[in-house]
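Okay, so here's the structure we're looking at.
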Amino acid sequence: MAINLEQDADIVWFRNPFHHFHPDADFQLSSDHYAGDPFSTDNHANTGMLYIKSTPLTIDFLNLWQRARQFYPGLHSQEVFNKVKNCPVMRERGLRIKYISTEYFGGICEPSRNMSSVCTMHANCCVGLENKSCYLKSVLEDWKNYLALPPAVRESNPPSWSLSGC
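Anchor point for the sequence shown: position 109 equals 109 in UniProt numbering, and the numbering is continuous, going up by one each time.
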């Protein structure tokens with residue numbers, strides 16, 4: 001079975017995220033805001049990072065998502081995803097969509113609060129290439145400062161993100 005990882009270009013990786021993906025989910029994605037339950041549709045989906053098992057069911061869902069865009073011509077792909085994620089037919093067929101916690105996959109909308117566990121940071125909720133670039137530079141500077149701390153300080157009193165530039 002093939003597995004696909006797709007991501008936007010405005011995501012910075014800090015460590016290997018793959019152990020945070022669940023083997024029991026078909027379709028996994030990051031969140032702009034995480035509701036606390038990985039299977040809750042109350043999570044605000046962010047389609048900037050997708051981890052998908054290649055199965056007939058996920059292929060059907062991707063086709064549904066793509067076709068649905070014609071019915072919502074003014075909406076961004078992510079907004080269309082939020083319209084079709086609760087499709088009764090997909091639920092009946094057993095599609096398991098999982099949202100990854102912002103603790104591991106943070107972003108501007110909801111930054112990871114723990115630099116000790118964050119895997120990626122996304123320049124989501126940030127408009128314009130210049131703003132995204134400035135934000136990502138700031139994130140990388142914060143990460144560099146975090147890594148320069150003694151390990152005991154990193155664990156006991158980790159710093160927070162400055163999130164400047166957006």
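Quick reminder that beta carbons are idealized off the backbone N, C-alpha and C, glycines included.
Top-ranked residue by Cα proximity to residue i, from the options
{"i": "residue 96", "options": "125, 40 and 123", "result": "40"}
{"i": "residue 88", "options": "74, 61 and 163", "result": "61"}
{"i": "residue 82", "options": "105, 42 and 103", "result": "42"}
{"i": "residue 10", "options": "150, 157, 127 and 156", "result": "127"}
{"i": "residue 106", "options": "14, 149 and 131", "result": "14"}
{"i": "residue 154", "options": "28, 125, 113 and 84", "result": "113"}
{"i": "residue 197", "options": "70, 74, 85 and 16", "result": "Look at the range of the chain in this structure, 1 to 166, and you will see that residue 197 is not part of it."}
{"i": "residue 24", "options": "94, 147, 131 and 12", "result": "94"}
{"i": "residue 36", "options": "109, 150, 103 and 147", "result": "103"}
Under the three-state DSSP convention, the category residue i falls into
{"i": "residue 68", "result": "helix"}
{"i": "residue 153", "result": "helix"}
{"i": "residue 92", "result": "helix"}
{"i": "residue 136", "result": "helix"}
{"i": "residue 145", "result": "helix"}
{"i": "residue 163", "result": "coil"}
Exposure of residue i, with buried meaning 16 or more beta-carbon neighbours within 10 Å
{"i": "residue 122", "result": "buried"}
{"i": "residue 72", "result": "exposed"}
{"i": "residue 3", "result": "exposed"}
{"i": "residue 59", "result": "exposed"}
{"i": "residue 116", "result": "exposed"}
{"i": "residue 101", "result": "buried"}
{"i": "residue 16", "result": "exposed"}
{"i": "residue 157", "result": "exposed"}
Cβ-Cβ distance between residue i and residue j below 9 Å
{"i": "residue 30", "j": "residue 99", "result": "yes"}
{"i": "residue 129", "j": "residue 52", "result": "no"}
{"i": "residue 33", "j": "residue 119", "result": "no"}
{"i": "residue 160", "j": "residue 111", "result": "yes"}
{"i": "residue 57", "j": "residue 26", "result": "yes"}
{"i": "residue 138", "j": "residue 162", "result": "yes"}
{"i": "residue 124", "j": "residue 109", "result": "yes"}
Contact between the region 134 to 150 and the region 48 to 67 is defined here as three or more beta-carbon pairs at a separation below 8 Å; is this criterion met?
Below 8 Å, too few C-beta pairs join the region 134 to 150 and the region 48 to 67 to call them touching: fewer than three.
Check whether the region 46 to 57 touches the region 73 to 82, counting contact only when three or more Cβ pairs, one atom from each stretch, lie closer than 8 Å.
Inter-segment contact for the region 46 to 57 and the region 73 to 82 is present: three or more beta-carbon pairs are separated by less than 8 Å.
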